[in-house]
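Heads up: the structure comes next, in structure tokens.
Take a look at the structure:
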């Protein structure tokens, strides 16, 4: 009974709340899909929007002692989201798999993401076992 009284006081039983039609329909800004790249993107440029996620998936086998390492990059353009995650191809200990490095585009600009795979006893000046780079252009 109270709800009916409130409805009458607010304009009767035909009162319906509508959004202002002059303002146009509400439009949500779409969130960009994450971009996932692998070794086939080596040396390429990827174009991202601010807030978009970039995942770099590289072959890896930590049981060999080799580790991917990330060189310095412009953190005003891209932000690394935590440590890389290793995803083995099967459950057997020592199995190879994929290391996934996740970044978020944090500001407009361009930066280069360089990763190198280094052996456990790597000495400066020795070339890395593997190298991967991608240029990230954020708009």
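In UniProt numbering, the protein residues as written are 1 to 139.
We put the CB at the ideal spot given by N, CA and C, even for glycine.
As the structure is a prediction and not an experimental result, all values here were calculated from the model.
Which same chain residues, not among the five before or five after residue 70, have their C-beta less than 6 Å away from its C-beta?
-> Sequence index remark: in the chain shown, residue 70 carries index 70 (1-based). Cβ neighbours of residue 70 beyond the five flanking positions: 115.
So with Cβ pairs under 9 Å, would you call residue 81 a contact of chain C?
-> Among the protein chains of the structure shown there is no chain C, as only one such chain exists.
Is residue 106 near residue 58, with beta carbons less than 9 Å apart?
-> As a position in the chain shown, residue 106 is number 106, starting the count at 1. As a position in the chain shown, residue 58 is number 58, starting the count at 1. No, they are not a contact pair.
Alpha carbon of residue 82 to alpha carbon of residue 102, nearest angstrom | Here residue 82 refers to the residue found at position 82 when the chain shown is read from its first residue. Here residue 102 refers to the residue found at position 102 when the chain shown is read from its first residue. One C-alpha to the other measures close to 7 Å.
Quick one: what does DSSP say residue 84 is sitting in, helix, strand or coil?
-> Within the chain shown, residue 84 is the residue found at index 84, counting from 1. Residue 84 falls in the coil class under three-state DSSP.
Can the beta-carbon of residue 128 be found closer than 9 Å to that of residue 117?
-> Position 128 of the chain shown, counted from the start, is the residue given in the question as residue 128. Position 117 of the chain shown, counted from the start, is the residue given in the question as residue 117. Their beta carbons are under 9 Å apart, which means residue 128 touches residue 117 by this criterion.
Residue 139 - containing beta strand (DSSP E), residue span | Within the chain shown, the letter at position 139 stands for residue 139. Neither: residue 139 is in no beta strand (DSSP E) and is coded neither H nor E.
Since residue 109 sits in a beta bridge, which residues does DSSP pair it with?
-> Counting from one through the chain shown, the residue named residue 109 turns up at place 109. 138.
Span of the beta strand (DSSP E) around residue 33 = Your numbering for residue 33 matches position 33 in the chain shown. Unbroken run through residue 33: none, as it is neither H nor E.
Within the same chain, show all residues whose beta-carbon is closer than 6 Å to that of residue 85, passing over the 5 residues directly before and after it, in chain order.
-> Here residue 85 is taken as the residue at index 85 of the chain shown, counted from 1. Taken in chain order, the residues that qualify are 100.
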